[in-house]
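Each protein sequence line maps, in turn, to chains A and B.
One rule links them: number in the numbering used here = place in the first sequence (from 1) + 115.
One rule links them: number in the numbering used here = place in the second sequence (from 1) + 25.
Each residue gets a CB set at the ideal place from its N, CA and C atoms; glycine is no exception.
Working notes for the structure below.
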Amino acid sequence: GAVVSQHPSWVICKSGTSVKIECRSLDFQATTMFWYRQFPKQSLMLMATSNEGSKATYEQGVEKDKFLINHASLTLSTLTVTSAHPEDSSFYICSARRDRAGRDTQYFGPGTRLTVL
Amino acid sequence: AQKVTQAQTEISVVEKEDVTLDCVYETRDTTYYLFWYKQPPSGELVFLIRRNSFDEQNEISGRYSWNFQKSTSSFNFTITASQVVDSAVYFCALSEDFGNEKLTFGTGTRLTIIP
Numbered sequence: 116g117a118v119v120s121q122h123p124s125w126v127i128c129k130s131g132t133s134v135k136i137e138c139r140s141l142d143f144q145a146t147t148m149f150w151y152r153q154f155p156k157q158s159l160m161l162m163a164t165s166n167e168g169s170k171a172t173y174e175q176g177v178e179k180d181k182f183l184i185n186h187a188s189l190t191l192s193t194l195t196v197t198s199a200h201p202e203d204s205s206f207y208i209c210s211a212r213r214d215r216a217g218r219d220t221q222y223f224g225p226g227t228r229l230t231v232l
Numbered sequence: 026a027q028k029v030t031q032a033q034t035e036i037s038v039v040e041k042e043d044v045t046l047d048c049v050y051e052t053r054d055t056t057y058y059l060f061w062y063k064q065p066p067s068g069e070l071v072f073l074i075r076r077n078s079f080d081e082q083n084e085i086s087g088r089y090s091w092n093f094q095k096s097t098s099s100f101n102f103t104i105t106a107s108q109v110v111d112s113a114v115y116f117c118a119l120s121e122d123f124g125n126e127k128l129t130f131g132t133g134t135r136l137t138i139i140p
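And the structure:
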């Protein structure tokens with residue numbers, strides 16, 4: 116089956132620093148990737164849609180200048196949390212859409228747990 | 026706007042009992058997709074099923090079965106003969122856009138199977 120990886124799996128950083136999270140589709144090309152955020156014991160909320168070669172599309176209420184998304188290749192999307200603060204602590208999950216004629220399927224990464232001190 | 030409601034926040038059942046997780050959705054589209062995912066304590070989402078709005082046939086996969094009722098906008102999930110390994114948070118999700126698959130998730134149901 117298709118595999119999506121995330122790196123790092125967890126990260127602890129100081130308030131004010133920036134953190135980059137990578138999402139890779141390992142055995143397929145993904146023109147579209149998604150970034151979700153999940154607070155403890157809550158649901159997943161879509162943050163943005165990442166499109167290869169173009170600007171990401173952010174959901175309402177998500178600050179694009181704080182959560183920088185770059186989808187530079189068909190297998191890699193990165194999410195950078197800039198000037199992180201404790202309220203940004205969360206579980207960040209990416210997914211990659213595998214394009215198949217009439218049968219698009221979305222595969223999720225294992226998630227990255229961010230803790231901002 | 027689309028919405029997914031999972032009214033059951035937490036459920037506990039004794040091992041070997043059957044359990045049904047409810048999911049009710051709202052959408053304006055006539056074409057949409059419904060999903061169920063399992064999230065064990067490790068956090069990784071495990072895909073269970075995807076169903077399109079034109080296919081109302083119920084589906085069974087081993088101990089899992091799904092009941093899709095368009096008339097009541099429900100897509101319920103039943104686990105028969107539950108096992109401890111079934112303990113997890115289960116999410117129902119909806120996608121309106123064919124080929125896009127932006128997912129709207131429900132709030133999840135935490136299922137605990139008591140040995």
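Residues that E51(B) bridges to, as DSSP identifies them: Paired residues: K28(B).
Terminal residues of the continuous beta strand (DSSP E) containing S192(A)? It spans 191–196 - the beta strand (DSSP E) in which S192(A) sits, taken as one unbroken run.
Can you tell me whether DSSP reads E202(A) as helix, strand or coil? For E202(A), the three-state secondary structure derived from DSSP is helix.
For T30(B), return the contacting residues in chain A, with the cut-off set at a CB-CB distance below 7 Å. Against chain A, the beta carbon of T30(B) has no neighbour under 7 Å; the closest one sits roughly 11 Å away.
For the region 143–154 of chain A, enumerate the residues whose C-beta is nearer than 9 Å to any C-beta of chain B, in chain order. Of all residues in the region 143–154 of chain A, T147, F149, Y151, Q153 have a Cβ within less than 9 Å of some Cβ in chain B.
Residue-chain proximity (L161(A), chain B), Cβ-Cβ < 9 Å: Output row for L161(A): interface = yes.
Under 9 Å between C-beta atoms, does K129(A) make it to chain B? Put simply, the CB of K129(A) is far from chain B, with every gap to its CB atoms at 9 Å or more.
Look at R212(A) and E51(B) and say whether their C-beta atoms are less than 9 Å apart. Against a cut-off of 9 Å, the Cβ pair of E51(B) and R212(A) comes out as no contact.
Consult DSSP for K95(B) and reduce its assignment to one of helix, strand or coil. Three-state result, K95(B): helix.
Applying a beta-carbon distance threshold of less than 9 Å, which residues of chain A neighbour E69(B)? In chain order: I208, F223, G224, P225, G226.
Contact with chain B by R212(A), beta-carbon distance below 9 Å: Chain B, which has a Cβ nearer than 9 Å to the Cβ of R212(A), makes this yes.
Buried versus exposed call for I85(B) [16 or more other C-beta atoms within 10 Å across all chains shown]: With a threshold of 16 other beta carbon atoms within 10 Å, I85(B) falls short and is exposed.
Which chain A residues sit within Cβ distance under 8 Å of F102(B)? Here the premise fails: no neighbours, minimum Cβ distance about 16 Å.
Closest Cβ-Cβ distance between S192(A) and chain B: below 9 Å? Chain B, which has no Cβ nearer than 9 Å to the Cβ of S192(A), makes this no.
Limits of the unbroken beta strand (DSSP E) element including Q153(A): Segment 147–153, the beta strand (DSSP E) holding Q153(A).
Using only the alpha-carbon positions, how far apart do F223(A) and V39(B) sit? Distance between the alpha carbons of F223(A) and V39(B): 30 Å.
Within 10 angstroms of the Cβ of H186(A), are there 16 or more other Cβ atoms? Answer buried if so, exposed if not. Using a 10 angstroms sphere on the CB of H186(A), the tally of other CB atoms reaches 16 or more, which defines it as buried.
Between the CA atoms of S158(A) and Q94(B) - distance to the nearest angstrom: In a straight line, the C-alpha of Q94(B) is about 24 Å away from that of S158(A).
For S158(A), which residues in chain B fall below 8 Å Cβ to Cβ? Correct list: F116, F130, G131, T132, G133.
Cut-off 7 Å between Cβ atoms - residues of its own chain near Q33(B), not counting five sequence neighbours on either side: Within the same chain, Cβ atoms closer than 7 Å to the Cβ of Q33(B) are found at L46, D47, T134, the five residues on either side in sequence being excluded.
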